[in-house]
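2 protein chains.
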Amino acid sequence: MQPERRRAAILEAAVAEISERGFARTTSRHVAARAGVTHGLLHHYFPDHDSLLAAAFEKVALEEIDEANEALASDRDPLAQLREITEPYGPGGGEEAYRFWLEAWAEAYHSPTLQETSRRLSVAWHELVVGVIERGNAAGVFRCEHPSETAWMVVALSDAYALQCQIGSGLAPYEMNHVLWRLTERELGLAAGALARPTPAGAAARND
Amino acid sequence: MQPERRRAAILEAAVAEISERGFARTTSRHVAARAGVTHGLLHHYFPDHDSLLAAAFEKVALEEIDEANEALASDRDPLAQLREITEPYGPGGGEEAYRFWLEAWAEAYHSPTLQETSRRLSVAWHELVVGVIERGNAAGVFRCEHPSETAWMVVALSDAYALQCQIGSGLAPYEMNHVLWRLTERELGLAAGALARPTPAGAAARND
DNA sequence: TACGGTATTGGCCGATCGCCCAATACACAA
DNA sequence: TTGTGTATTGGGCGATCGGCCAATACCGTA
Numbered sequence: 011m012q013p014e015r016r017r018a019a020i021l022e023a024a025v026a027e028i029s030e031r032g033f034a035r036t037t038s039r040h041v042a043a044r045a046g047v048t049h050g051l052l053h054h055y056f057p058d059h060d061s062l063l064a065a066a067f068e069k070v071a072l073e074e075i076d077e078a079n080e081a082l083a084s085d086r087d088p089l090a091q092l093r094e095i096t097e098p099y100g101p102g103g104g105e106e107a108y109r110f111w112l113e114a115w116a117e118a119y120h121s122p123t124l125q126e127t128s129r130r131l132s133v134a135w136h137e138l139v140v141g142v143i144e145r146g147n148a149a150g151v152f153r154c155e156h157p158s159e160t161a162w163m164v165v166a167l168s169d170a171y172a173l174q175c176q177i178g179s180g181l182a183p184y185e186m187n188h189v190l191w192r193l194t195e196r197e198l199g200l201a202a203g204a205l206a207r208p209t210p211a212g213a214a215a216r217n218d
Numbered sequence: 011m012q013p014e015r016r017r018a019a020i021l022e023a024a025v026a027e028i029s030e031r032g033f034a035r036t037t038s039r040h041v042a043a044r045a046g047v048t049h050g051l052l053h054h055y056f057p058d059h060d061s062l063l064a065a066a067f068e069k070v071a072l073e074e075i076d077e078a079n080e081a082l083a084s085d086r087d088p089l090a091q092l093r094e095i096t097e098p099y100g101p102g103g104g105e106e107a108y109r110f111w112l113e114a115w116a117e118a119y120h121s122p123t124l125q126e127t128s129r130r131l132s133v134a135w136h137e138l139v140v141g142v143i144e145r146g147n148a149a150g151v152f153r154c155e156h157p158s159e160t161a162w163m164v165v166a167l168s169d170a171y172a173l174q175c176q177i178g179s180g181l182a183p184y185e186m187n188h189v190l191w192r193l194t195e196r197e198l199g200l201a202a203g204a205l206a207r208p209t210p211a212g213a214a215a216r217n218d
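Line by line, the protein sequences give chains A and B. Heads up: the first sequence begins at 11 in the working numbering, then just goes up one per residue. Heads up: the second sequence begins at 11 in the working numbering, then just goes up one per residue.
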């Protein structure tokens, strides 16, 4: 197999192992077995364990940003863009992905590399939301006074939403979704329910 | 040493180890060494590794609830109570404590016991905030339409606040604190800045 | 064809893990 | 005092870890 594809296969296996077992319990031998190679070969591509974990984390982080940008580029409507951003956090969406991030945050304490990547990704994610809000402001769809603060609120509530879904607290998912949408609508100067309904084909949701 | 005190000492050492190294990397031998006992004795008190981790987690969870109730009981003013709840999340507050919770959430995926305890604690914490809000409503201090939703928002933003402080994103702590207070004030029908300042008619500026 | 570098294999090493267990120290009741 | 149960010690076992290395397979090039 070509070295590039082999390396990618190993990284893919590493991400899967990390999602299932966590960073600390991910062993190079298990990753190698899942990738269908021997542990010796894995050591050939990733000389030490930390480089494997760091590369896997970097891969997921880059994919996350790419997917977000792709979702934003496919739809130019700020309202739809905001929905694209907040929706994947819910149940059935990116559960495995969020398990990965929770592991990453916990592991960031022990690894300066992971901490730095976490930081970069957090900033990038925040700026992404800020961009959507500011474009919505410019287009006259939003009336948001503090884009940076509101963006942080959206990210924070989305994170907390995903977290509550994961640990399965007594709070019903629909209730979390409701408060997330309600607060976002108010922060953006939208009419109540503007985010809840996926803009019925035409321009029917312009009743404010 | 009395068995009860010995067991408590072991648990205390376990909590410290978990906070530093995480659940997955916490070994019974290290816990025993920190507690000043042999690994054989630790096995005498906690027959298997999971029981040690579960007991340590349970200890912290109970202490968390107790401390919150104590803080709430020491001050009957709903506004001060709310400040007591949201303040420890900030920098300089419960950094080590939050590291523990992050580890716990990540580990909950792999342990039904930890997941159940996480769930119970999350519900208890939410109900605690709901109680403060409802008492504030009854006292005429708050005008909150959706206590449950608002309580979840407070908890979610506090969690996200602590998380951002931990990973050290580009968002300044004061900015996070500002949006947390601003949204809470609006949800509770308070005047702007009501939460930021200790007490308007206050004689004691015991806050930092 | 011969050659050199890379991909790949599988065994090995020392360290460490959770767990087990025989032996010993100790405290308190009979 | 004797005896009994618990507290405590420390060594050992099998498994597994990350990392190292000699040997082999493969493949493009001179």
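All C-beta atoms, glycine included, are put in the ideal place defined by N, C-alpha and C. Since this is a predicted model, take the numbers as computed values, not measurements.
> residue 83(B) by DSSP, collapsed to three states: which one?
Replying inline: On the second sequence, position 73 is the one that residue 83(B) refers to. Helix, per DSSP.
>> List, in chain order, every chain B residue whose beta-carbon is nearer than 7 Å to that of residue 119(A).
In response: Numbered from its first residue, the first sequence carries residue 119(A) at position 109. Neighbours of residue 119(A) in chain B, taken as residues whose beta carbon is under 7 Å from its own, are 109 in chain order.
> Exposed or buried, which one is residue 109(B) when buried takes at least 16 other CB atoms within 10 Å?
Replying inline: Taking the first residue of the second sequence as position 1, residue 109(B) is located at position 99. Under this definition residue 109(B) is a buried residue.
>> Which residues in chain A have a C-beta closer than 7 Å to the C-beta of residue 128(B)? List them in chain order.
In response: As a first step, residue 128(B) is located in the second sequence; it is residue number 118 there, counting from the start. The answer, in chain order, is 177.
> Can you tell me whether residue 73(A) is buried or exposed, with buried defined as 16 or more other CB within 10 angstroms of its CB?
Replying inline: Working through the first sequence from its first residue, we reach residue 73(A) at position 63. By the C-beta density criterion, residue 73(A) is exposed, having fewer than 16 other C-beta atoms within 10 angstroms.
> Taking the alpha carbon of residue 86(A) as the point to measure from, which residue in 16(A), 163(A), 141(A) has its own alpha carbon closest?
Replying inline: Locating residue 86(A) in the first sequence gives position 76, where the first residue counts as 1. Among 16(A), 163(A), 141(A), the Cα nearest to that of residue 86(A) belongs to 141(A).
> What do you get for residue 194(B), buried or exposed, if any count of 16 or more other CB atoms within 10 angstroms of its CB means buried?
Replying inline: Numbered from its first residue, the second sequence carries residue 194(B) at position 184. With 16 or more Cβ atoms within 10 Å of its Cβ, residue 194(B) is classed as buried.
>> Give me the chain A residues within the contact set of residue 34(B), using Cβ-Cβ distance strictly less than 7 Å, ordered along the chain.
In response: Along the second sequence, read from residue 1 onward, the residue named residue 34(B) stands at position 24. Ordered by position in chain A, the residues that pass the 7 Å Cβ test against residue 34(B) are 32, 34, 35.
>> Given this structure, state the Cα-to-Cα distance separating residue 89(B) from residue 205(B), to the nearest angstrom.
In response: Reading the second sequence from its first residue, position 79 is the one you call residue 89(B). Reading the second sequence from its first residue, position 195 is the one you call residue 205(B). So the two alpha carbons sit approximately 7 Å from each other.
>> Assuming residue 6(A) and residue 168(A) are in contact, meaning their beta carbons sit under 8 Å apart, how far apart are those beta carbons, in whole angstroms?
In response: The first residue shown for chain A is 11 and the last is 218, placing residue 6(A) beyond what the model contains.
> Would a C-beta distance cut-off of 8 Å place residue 16(A) and residue 27(A) closer than the cut-off?
Replying inline: As a first step, residue 16(A) is located in the first sequence; it is residue number 6 there, counting from the start. As a first step, residue 27(A) is located in the first sequence; it is residue number 17 there, counting from the start. Residue 27(A) sits away from residue 16(A), with the two beta carbons spaced by 8 Å or more.
> Whose C-beta lies closer than 7 Å to the C-beta of residue 238(B) among residues of the same chain, with five residues either side of it excluded?
Replying inline: The structure shown has nothing for residue 238(B), since chain B only spans 11 to 218.
> Given that residue 63(A) touches chain B, what residues does it touch there, using C-beta distances under 8 Å?
Replying inline: The count along the first sequence starts at 1 and reaches residue 63(A) at position 53. Under the 8 Å cutoff, chain B gives no residues; its nearest Cβ is about 13 Å from residue 63(A).
>> Assuming contact is defined by CB atoms lying nearer than 8 Å, are residue 34(B) and residue 64(A) in contact in what I supplied?
In response: As a position in the second sequence, residue 34(B) is number 24, starting the count at 1. As a position in the first sequence, residue 64(A) is number 54, starting the count at 1. In this structure, residue 64(A) does not lie closer than 8 Å to residue 34(B) by Cβ.
> In angstroms, rounded to a whole number, what distance separates the CA positions of residue 83(A) and residue 77(A)?
Replying inline: What you label residue 83(A) is simply residue 73 of the first sequence in a count that begins at 1. What you label residue 77(A) is simply residue 67 of the first sequence in a count that begins at 1. Just so you know, the alpha carbons of residue 83(A) and residue 77(A) end up roughly 10 Å apart.
> At which residue ranges does the segment 109-138 of chain A contain complete alpha helix (DSSP H) runs of 4 or more residues, listed in the order of the chain?
Replying inline: Whole alpha helix (DSSP H) segments, 4+ residues: zero.
> Along the chain, where does the alpha helix (DSSP H) that runs through residue 194(A) open and close?
Replying inline: If you number the first sequence from 1, residue 194(A) lands on position 184. 183-197 is the span of the alpha helix (DSSP H), which, as asked, contains residue 194(A).
> Where in the segment 43-85 of chain A do unbroken runs of the alpha helix (DSSP H), each at least 4 residues long, occur, reported from the N-terminal end onward?
Replying inline: Runs of the alpha helix (DSSP H) inside the segment 43-85 of chain A: 49-55, 59-84.
>> Here's a check: name, in chain order, each residue in its chain whose Cβ is nearer than 6 Å to the Cβ of residue 146(B), leaving out the five neighbours to either side.
In response: Taking the second sequence and counting its residues from 1, one reaches residue 146(B) at position 136. The residues are 88, 152.
>> In the DSSP assignment, the alpha helix (DSSP H) including residue 205(A) goes from what residue to what residue?
In response: Residue mapping note: residue 205(A) aligns to position 195 of the first sequence, counting from 1. That residue, residue 205(A), is in no alpha helix (DSSP H); it is neither H nor E in DSSP.
> Less than 8 Å separating the beta-carbons of residue 159(B) and residue 197(A)?
Replying inline: Within the second sequence, residue 159(B) is the residue found at index 149, counting from 1. Within the first sequence, residue 197(A) is the residue found at index 187, counting from 1. For residue 159(B) and residue 197(A), no; Cβs fall outside 8 Å.
> Between the segment 62-96 of chain B and chain A, which residues of the former have a C-beta closer than 9 Å to a C-beta of the latter?
Replying inline: Taking a C-beta cut-off of 9 Å against chain A, none of the residues of the segment 62-96 of chain B qualify.
>> Between residue 166(B) and residue 166(A), how many whole angstroms is the CB-CB distance? I'm expecting something under 8 Å.
In response: Residue numbering aside, residue 166(B) sits at position 156 when the second sequence is read from its first letter. Residue numbering aside, residue 166(A) sits at position 156 when the first sequence is read from its first letter. With 8 Å as the limit, residue 166(B) and residue 166(A) qualify as a contact, their Cβ atoms being about 6 Å apart.
> Helix, strand or coil: which one does DSSP assign to residue 163(A)?
Replying inline: The sequence position of residue 163(A) within the first sequence is 153, counting from 1. Here residue 163(A) sits in helix by DSSP.
> If you draw a straight line from the alpha carbon of residue 36(B) to that of residue 132(B), how long is it in whole angstroms?
Replying inline: Indexing the second sequence from 1 puts residue 36(B) at position 26. Indexing the second sequence from 1 puts residue 132(B) at position 122. Between the alpha carbons of residue 36(B) and residue 132(B) lies a gap of roughly 24 Å.
> Under the three-state reduction of DSSP, which class applies to residue 90(B): helix, strand or coil?
Replying inline: As a working mapping, residue 90(B) is identified with position 80 in the second sequence. Note: residue 90(B) maps to helix in three-state DSSP.
>> Please classify residue 79(A) as buried or exposed, where buried requires at least 16 other C-beta atoms within 10 Å of its C-beta.
In response: Start at 1 with the first residue of the first sequence, and residue 79(A) comes out as number 69. That one is exposed.
> Can residue 21(A) and residue 38(A) be called in contact, C-beta distance under 8 Å?
Replying inline: Taking the first sequence and counting its residues from 1, the one referred to as residue 21(A) is at position 11. Taking the first sequence and counting its residues from 1, the one referred to as residue 38(A) is at position 28. For residue 21(A) and residue 38(A), no; Cβs fall outside 8 Å.
> Which bits of chain B does residue 106(A) rub up against, with CB to CB less than 9 Å?
Replying inline: By one-based count along the first sequence, residue 106(A) stands at place 96. Per Cβ cutoff of 9 Å: no residues; residue 106(A) is ~10 Å from chain B at best.
> Under 8 Å between C-beta atoms, does residue 52(B) make it to chain A?
Replying inline: For the purposes of this step, residue 52(B) is taken as the residue at position 42 of the second sequence. Cβ-Cβ to chain A under 8 Å: no for residue 52(B).
> Quick one, which of 25(B), 202(B), 97(B), 177(B) has its alpha-carbon nearest residue 121(A)'s?
Replying inline: Residue mapping note: residue 121(A) aligns to position 111 of the first sequence, counting from 1. Out of 25(B), 202(B), 97(B), 177(B), 177(B) has the C-alpha closest to the C-alpha of residue 121(A).
> Hey, how far is the Cα of residue 156(A) from the Cα of residue 174(A)?
Replying inline: As a first step, residue 156(A) must be located in the first sequence, where it is residue number 146. As a first step, residue 174(A) must be located in the first sequence, where it is residue number 164. Those two C-alpha atoms are separated by around 27 Å.
>> Let's test the definition: count the other Cβ atoms within 10 Å of the Cβ of residue 96(A) and tell me whether it reaches 16, buried, or not, exposed.
In response: Walking along the first sequence from the start, residue 96(A) turns up at place 86. Buried.
> Below 8 Å between beta carbons: does that hold for residue 139(B) and residue 69(B)?
Replying inline: Indexing the second sequence from 1 puts residue 139(B) at position 129. Indexing the second sequence from 1 puts residue 69(B) at position 59. No, the Cβ-Cβ distance between residue 139(B) and residue 69(B) is not below 8 Å.
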